[in-house]
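Enquirer:
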Amino acid sequence: MTNPYEAFIPLKHRTGIEPEHTFWEWENKRVHIARRRREAPVRVIVVHGLGTHSGALWPLVAAIEGADLAAIDLPKTPLYDDWLRLLEAFISSEDDGRPLILIGAGTGGLLCAEAAHRTGLVAHVIATCLLNPSDQPTRRALFRFSPLTRLIQGRLRNREIPVTRVLNFSKISRSPALSKLCAADEFSGASKITWGFLASYVQHKAKLGAVPVTLMHPDHDLLTPVELSLRTLSRLKAPTDVVMLKDCGHFPIEEPGFTTMLETVTAVIARNS
1 MTNPYEAFIP
11 LKHRTGIEPE
21 HTFWEWENKR
31 VHIARRRREA
41 PVRVIVVHGL
51 GTHSGALWPL
61 VAAIEGADLA
71 AIDLPKTPLY
81 DDWLRLLEAF
91 ISSEDDGRPL
101 ILIGAGTGGL
111 LCAEAAHRTG
121 LVAHVIATCL
131 LNPSDQPTRR
141 ALFRFSPLTR
151 LIQGRLRNRE
161 IPVTRVLNFS
171 KISRSPALSK
181 LCAADEFSGA
191 SKITWGFLAS
201 YVQHKAKLGA
211 VPVTLMHPDH
221 DLLTPVELSL
231 RTLSRLKAPT
241 DVVMLKDCGH
251 FPIEEPGFTT
261 MLETVTAVIA
271 RNS
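Numbering (UniProt numbering), first residue to last: 1 to 273.
1) Would R43 and A67 qualify as a contact pair, given that the criterion is a beta-carbon distance under 8 angstroms?
2) Could I get the ranges of all uninterrupted beta strand (DSSP E) runs contained in the stretch 182-234, with 3 residues as the minimum, in chain order?
3) Between the stretch 193-205 and the stretch 172-183, do three or more beta carbon pairs fall short of 8 angstroms?
4) Please state whether DSSP places A89 in a helix, a strand or coil.
5) Indicate the three-state DSSP secondary structure (helix, strand or coil) for R35 in the structure shown.
6) With DSSP collapsed to three states, give me the class of H250.
7) Going by beta-carbon coordinates alone, are V242 and A113 separated by less than 8 angstroms?
8) Report the three-state DSSP secondary structure of K76 (helix, strand or coil).
9) If I measure Cβ to Cβ from V61 and keep anything under 6 angstroms in the same chain, skipping five residues before and after, which residues do I get?
10) Compare the Cα-Cα distances from G16 to each of P256, I103, T260, T2 and report the closest residue.
11) If the criterion is Cβ atoms closer than 8 angstroms, does the pair G51 and S188 meet it?
12) If you count every other CB in all the chains shown that lies within 10 Å of the CB of A116, and 16 or more means buried, which is it?
13) Between P78, L167, T107, which has its C-alpha nearest R159's C-alpha?
14) Where does A267 sit, in a helix, a strand or coil, going by DSSP?
15) Between which residues of its own chain and R35 is the CB-CB distance below 7 angstroms, once the five residues before and five after are set aside?
16) Work out the CA separation of R30 and H217 for me, nearest whole Å.
17) Check whether the stretch 117-125 touches the stretch 96-107, counting contact only when three or more Cβ pairs, one atom from each stretch, lie closer than 8 angstroms.
18) Mind reading off the beta-carbon distance from H48 to G109? Whole number of angstroms is fine, and I expect it under 8 angstroms.
19) Alpha carbons only, please: which of M261, G257, A206 is nearest the one belonging to R235?
20) Quick one: give me the first and last residue of the alpha helix (DSSP H) that residue 279 is part of.
21) Apart from the five residues on each side of it in sequence, which residues of its chain come closer than 7 angstroms, Cβ to Cβ, to W58?
22) Could you check the C-alpha separation between E94 and H250 for me, to the nearest Å?
23) Cutting at 7 angstroms between CB atoms, please list the residues of its own chain near F8, excluding the five before and the five after it.
24) What is the rounded straight-line gap between the Cα of K89 and the Cα of E25?
25) Give the DSSP bridge partners of K29, in chain order.
26) Among A127, L233, L86, P162, which residue has its Cα nearest to the Cα of L262?
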């Protein structure tokens, strides 16, 4: 078992499937894409959020059937808007006429919803969270730092800070061992992010459209309580539904919620096939 996150997946759902590692060029950046290619009627793109990466999410999504699967690694960029532009460009570059479903984890949920609206190429968005960064209760819950971060200017914007000082990794999972793994991961908690990126994130005002959204939220999420996502969901004009993942923490590995998560994704794929 080469992926350390696989050990935390419920035994019956462990696939041992390794992704095909591919790369895509965008504005002089080499963007990593993990894939499981299939001749399937539907495509799925998995998008991580702050403090994680495709490798951490891969064991959760490798078991998804009935879809051509890609998980993108969002590179270090100066601004949050760069992530949005990158995701839009990737969606457009991958478009081949098949229905596309976006799955967003954590802060990747709202990123997916906005990219879906801006591209017009997405059939459905599934999100584990819908965190609105302009919402003060969301900022208070998610970040360790003061809301005054949005006022940072000049050279301070280029200064880097460890992600473990931004997010409370003890709340990432109900499993202390998994929380520890995430915090020590060089692509997760042990990575760094600039103050400028964080300032651009908390100032971002998302523009959302009419793409259907399924909120698939852990019911024991101590990092981002479901009420925060429901606030955002209630403002959408799109068709929405809510599925609670029973006994799951923010990083959803517990049963029966893990099985519910896979069943929900499978049902959305079937409806769009």
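The C-beta atom is built at its ideal place from N, Cα and C for all residues, glycine as well.
Expert: Working from what's here:
1) Against a cut-off of 8 angstroms, the Cβ pair of A67 and R43 comes out as a contact.
2) Runs found: 192-194, 213-218.
3) The answer is no - the stretch 172-183 does not touch the stretch 193-205, with fewer than three Cβ pairs under 8 angstroms.
4) Looking at A89 - three-state DSSP - the assignment turns out to be helix.
5) Strand.
6) Of the three classes helix, strand and coil, the one that applies to H250 here is coil, per DSSP.
7) At least 8 angstroms separates the beta-carbon of V242 from that of A113.
8) In the structure shown, K76 sits in coil (DSSP, three-state: anything other than H, G, I, E or B).
9) Excluding positions up to five away in sequence, the list reads V46.
10) Ranking P256, I103, T260, T2 by Cα distance to G16 puts T2 first.
11) Contact annotation: G51 and S188 have beta-carbon atoms nearer than 8 angstroms.
12) With a threshold of 16 other beta carbon atoms within 10 Å, A116 meets it and is buried.
13) Closest option to R159, judged by alpha-carbon separation, among P78, L167, T107: P78.
14) Here A267 sits in helix by DSSP.
15) Scanning its chain for C-beta atoms nearer than 7 angstroms, with the 5 sequence neighbours on each side dropped, one finds around R35 the residues P19, E20, T22, L69, A70, in chain order.
16) Straight-line Cα distance between these residues: approximately 32 angstroms.
17) Short answer: they touch.
18) With 8 angstroms as the limit, H48 and G109 do not qualify as a contact, their Cβ atoms being about 10 angstroms apart.
19) It is A206.
20) For the chain, the structure presents residues 1 to 273; residue 279 sits outside this window and is missing.
21) Cβ neighbours of W58 beyond the five flanking positions: N3, P19, A34, A71.
22) Rounded to whole angstroms, E94 to H250 spans 29 angstroms at the Cα level.
23) Excluding positions up to five away in sequence, the list reads S175, L178, I253.
24) The sequence shown places Ala at residue 89, not Lys. If you take the alpha carbons of A89 and E25, they lie about 10 angstroms apart.
25) Beta bridge pairing from DSSP links K29 with W26.
26) Of A127, L233, L86, P162, the residue nearest in Cα terms is A127.
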